[in-house]
Amino acid sequence: MLSALVGVLFAASIYLMLRHSTVKILIGLSLLGHAANLFVFSAAGPHRRDPPVIPSGEEAVSHPVADPLPQALILTAIVITFAVVVFAVVLVHRTHQTTGVRDVDSLAKRE
Amino acid sequence: MNALVVIPVALPLVAAAAGFLFHRWPRIQERIALGASVALAGASCALLWVVRREGLLVTRLGAWPMPHGVVFVADLLSALLVCAVALLGLAVVIYASASVGKRRRAFGLHPLVQVLLAGACGVLLTADLFNLFVWFEVMLIASFVLLALGGTPSQLAGATKYVTLNLLASTFLLCGIGLVYGLTGTLSYADLARTLSSTRPDGPFSAAAFLLMAALAIKSAAFPFFFWLPASYHTPPPAMAALFAGLLTKVGVYAMIRCATMLFPEELQRASVLVAFVAGATMLTGVLGAAAQKDMRRILSFHIVSQIGYMLMGVAIWGVRGLGGAVFFLLHNMAAKPALFLSVGVVEHDRGSSALHTLGGLARQRPVASLLFLVPALSLAGLPPLSGFAGKLVLVRAGLDGGLWLVTSVALAVSLLTLYSMIKIWLKAFWSPDPRGDDAPPPRDTPRRMIAPLAAVAAATVALGVLAEPVAALCFDAAAQLLDREAYAQAVFAAGEGR
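Going line by line, the protein sequences match chains G and B.
Just so we're aligned: the first sequence equals residues 13 to 123 in the working numbering.
Just so we're aligned: the second sequence equals residues 124 to 622 in the working numbering.
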């Protein structure tokens, strides 16, 4: 189920990134970030669900628990993606303001 | 805890924070950046010296037992490149303080350069995959802003492509790292090297390897992923273009070498034909793209791509000689390429343009600046006794010994075409008569703070060529250290158990 969702997200973001409009590319970029984060999440084995907390009075956990590390990684990745997407939004907005162009092909002529 | 390993990352970050605090006083910002860059250069030379004498330096941040926790490791390769990054950073900071306009400096150019340096040093010194990703992002975000800073239409158009494609590469990198973690349960280089040398993980390990290599290939502008580079590198001020040319793609190549030697050396050797093909195609497309251009900056941007091909050729050859050659070529490029961009900056300062049809007569009017273009240009083309000659000699000999005839002959042919490009610039911009005729205004004085760093970087390419023997020996040592991943793992684990 999760992997199908990751696949759909990747497909949608790549479709959007191949479009002409810079705004659609932007939406594609943010979807791509979500897709990658979910991918990392699913690659680390989400079937182990119990929280990784040692019960009181015991020395170690006795049953399989969720691995907290990928979630910490994803948390970092989300922050980074968020920052970069915000920068990209401002960049696209400024590009539109100064060049008046929203189309990638006519942007190529402005280099 | 060995502080020397952390200083090259911490120092520029502190300087950047301090710089942003003084954002109303560009003058103080500039002083902070200068001071920090001098200190960084000193610290990184000390790091290189210590690593050369004592071997690997390992620092654990926090008291986590190995293989958990964040570890910084400086081996010979990291130390060499950190040293090059720091020295180049110092030259660019001095150059930028004289050449970049007031408005851009007021928007925090100097602190951003420090963030970029911190990111690059972080990538070079970190010892686990996820931190590699994080430091790459730090470096990229700083470069995004530096590229767009100033907001001219061409800069914004270039930055849009640069940001989009680099974001895509970062996503691939993250996916590759996620897969590696899912398959092996660890991300530290040392632990990965140990695990992967004894067992082969089930599942799509080669997919993970391909994702990592593709992501790093985009970041280092290898064929067929290089299109973002010529579309954006000619737009920012020359000082920034020089910094990007010397740092960003080179750090990508470093990460590629590091991942290949630590994670999948056998797989990479099995795929050496593919790597050699990518290397040859990168050289050829880069140099042919440059031949079609008529602007100094654009020509040089395409040559960055073609030079990356030589480093990949070293990776394809593998072994101490191949990887050592790649490392030497990295160092050569971190001097020659920025020197070329800095000299274009001098030309632009004088004439206000770098389009070849507007230039001419520079050799007579600006003899010093012309010489400072000619030296790195000939070095790039590979003429003795400059660094490019030594780098190509090492690589070509290793390629012939390794039996990679095709890519070696491509490398030699591309060398000739590089010489053609450089001569094209030289003849048109420097030797032909001035197209403005006799009524041209007298040449503008170039500030000494622009000429001095340019001369220093150009002298570095001469020094690398003249001192090729000891430098190459150092590079071979670095490559031997890279190939012995068991010793690396042992050193890191031993440092973990030490306290």
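Virtual Cβ for every residue (Gly too), placed ideally from N, Cα, C.
Just so you know, these numbers come straight off a predicted model, no measurement behind them.
Item, Value
"Are the segment 336 to 345 of chain B and the segment 195 to 213 of chain B touching, with three or more C-beta to C-beta distances below 8 Å?", "no"
"Using a beta-carbon distance cut-off of less than 7 Å, what residues from the segment 270 to 281 of chain B approach chain G?", "ALA271, GLY274, PRO276, SER277, LEU279, ALA280 and GLY281"
"Based on the DSSP secondary-structure assignment, which residues constitute the bridge partners of VAL181 of chain B?", "B:VAL196"
"Put ALA345 of chain B into one of helix, strand or coil per three-state DSSP.", "coil"
"For chain B, is any of its Cβ atoms less than 8 Å away from the one on ILE37 of chain G?", "yes"
"In the DSSP output, which residue or residues are listed as bridge partners for ASP251 of chain B?", "B:SER311"
"On the three-state DSSP scale, how would you describe ALA126 of chain B?", "helix"
"Here's the rule: buried if 16 or more other CB atoms are within 10 angstroms of the residue's CB, otherwise exposed. What is THR322 of chain B?", "exposed"
"So that I know if they touch, is there some Cβ in chain G lying closer than 8 Å to that of LEU479 of chain B?", "no"
"Can you say whether PHE267 of chain B is buried or exposed, counting buried as having 16 or more other CB atoms within 10 angstroms of its CB?", "buried"
"So is ASP198 of chain B buried or exposed if we call it buried at 16+ other beta carbons inside 10 Å?", "buried"
"Below 9 Å on C-beta distance, what does VAL52 of chain G contact in chain B?", "LEU297, CYS298, ILE300, GLY301, LEU302, TYR304 and GLY305"
"For the segment 238 to 250 of chain B, list every residue whose C-beta sits within 8 Å of some C-beta in chain G, in sequence order.", "none"
"GLY245 of chain B: which of B:ALA292, B:VAL132 and B:SER429 sits nearest, CA to CA?", "B:VAL132"
"Under a Cβ-count criterion, where at least 16 other Cβ atoms within 10 Å of its own Cβ denotes burial, should PRO359 of chain B be classed as buried or exposed?", "buried"
"Evaluate GLN392 of chain B with the Cβ neighbour count: other Cβ atoms within 10 Å of its Cβ, from every protein chain shown; 16 or more gives buried, anything less gives exposed.", "exposed"
"Whole-angstrom Cβ separation of LEU454 of chain B and LEU203 of chain B, contact assumed at under 8 Å?", "7 Å"
"According to DSSP, simplified to helix, strand and coil, what is ALA492 of chain B?", "helix"
"Mind checking whether SER502 of chain B and SER510 of chain B have CB atoms under 8 Å apart?", "yes"
"DSSP on ALA56 of chain G, reduced to helix/strand/coil?", "coil"
"Going by CA-CA distance only, name the one from B:LEU239, B:LEU252, B:SER320 and B:SER277 that's closest to THR372 of chain B.", "B:LEU239"
"Exposed or buried, which one is TYR356 of chain B when buried takes at least 16 other CB atoms within 10 Å?", "buried"
"Are three or more beta carbon pairs between the segment 174 to 190 of chain B and the segment 409 to 423 of chain B nearer than 8 Å?", "no"
"Would DSSP call ASP557 of chain B helix, strand or coil?", "coil"
"Residues of the segment 92 to 106 of chain G in Cβ contact with chain B at a cutoff of 7 Å, in chain order, please.", "ILE92, ALA95, VAL96, PHE99, ALA100, LEU103, VAL104 and ARG106"
"In the structure shown, what three-state DSSP assignment does SER33 of chain G receive?", "strand"
"Closer than 6 Å by C-beta to ALA618 of chain B: which residues in its own chain qualify, once you throw out the five before and the five after it? Chain order, please.", "VAL181"
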